[in-house]
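By the UniProt record's numbering, the letter at position 162 of the sequence shown is numbered 162, and the numbering carries on one by one without gaps.
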Amino acid sequence: MMELVCGLNNVTEQVEVTCFRNDRKQTLIETVATEVRVALIYNGVSHVVMMASPTALKEFAIGFSLSESIIQRTQDIRGIEIEEIATGILIHIEISQRCFMQLKEHRRSLSGRTGCGICGVEQIEQTVKPTVKVTGTKRFDLTHLKRALANLHKHQQTFNLTGATHAAAMLSAEGEITSCFEDVGRHVALDKLIGHMSMDHSSDQTALLLTSRASFEMVQKAAIANISIVFAISSATSLAIDIAHKSNITLVGFCRENRVTIYTHPQRLYLENETSTGIENSHLAVM
């Protein structure tokens, strides 16, 4: 039995479950993360349906539009309206005519999509976005990463209740978490953070911390958002490393209390007691 708590900003639901502990059967009420269908509609034309947590949807709309290069700046969005329907949530996004025409052209070029993916070499080439080189020059003391990792759980309220969400957080140069967004989808969590960053330029935005692996989509979104340092709790994929190298992003994986693995551009990282100008080992640094 499930108690559906529908509506915007309701990120959890209560479910009656059967549980076996120490070989004993129990009936419990468990908190689970809410997952809803969210359709993004540009100028009246449906573009994509994502599975997401029903919160911070304005930030999601802006961040997705930016990170997918549908718009180049927040001013390209003329308005956002959020509509709740029985089967999910509709986000109506009005964008400039120039951006909409570019989006329509892109959609036409991907008309070869099928259930098994994208067909043909031409379509594959068209899905690869041009390399975006980040311009950030800020450096980060790896000793401050411990602080961020230790405090991350304080910003993961839904995860603490359900164990089912990812988080994307921005860190200051001192390792303080300046903003953090959760979602059942790791890409959506990052889009929400990017959308927030585009609206709030007051906080220190030195590095990105992801609770997921660093896949190529996550690194690509970070590049478009001009994020120069990316920390991930898990590993990085080969394509993510390639994109990070080409985009001038410092990519770090396996972030733990006493270990980090540096894949690309280590010059932005250093240790407090280090006498050299930076960490030059491009693969591994142990804190």
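From the three backbone atoms N, C-alpha and C, an ideal C-beta is built for every residue, glycine too.
- The Cβ atoms of ALA150 and ILE177 do not sit closer than 8 Å to each other.
- Judged by beta-carbon spacing, ILE249 lies within the 8 Å limit of SER228, meaning their Cβ atoms are closer than that value.
- In this structure ALA214 is in contact with LEU251, their Cβ atoms being roughly 6 Å apart against a cut-off of 8 Å.
- For GLY195, the closest C-alpha among the options MET101, THR137, GLY63, THR55 is that of GLY63.
- When the alpha-carbon of VAL48 is set against those of ILE89, ARG78, VAL230, GLN97, the nearest one is in ILE89.
- If one requires a minimum length of 4 residues, the alpha helix (DSSP H) runs lying completely within the segment 162-219 are 186-199, in chain order.
- For HIS155, the secondary structure class from DSSP, reduced to helix, strand or coil, is helix.
- HIS265 is positioned such that its CB atom lies no closer than 8 Å to that of THR211.
- Assigned with DSSP and collapsed to three states, ALA61 falls in helix.
- Taking 8 Å as the cut-off, the beta carbon of VAL184 is found closer than this to the beta carbon of ALA52.
- Straight across, the Cα-Cα distance linking ILE93 with LYS129 is about 22 Å.
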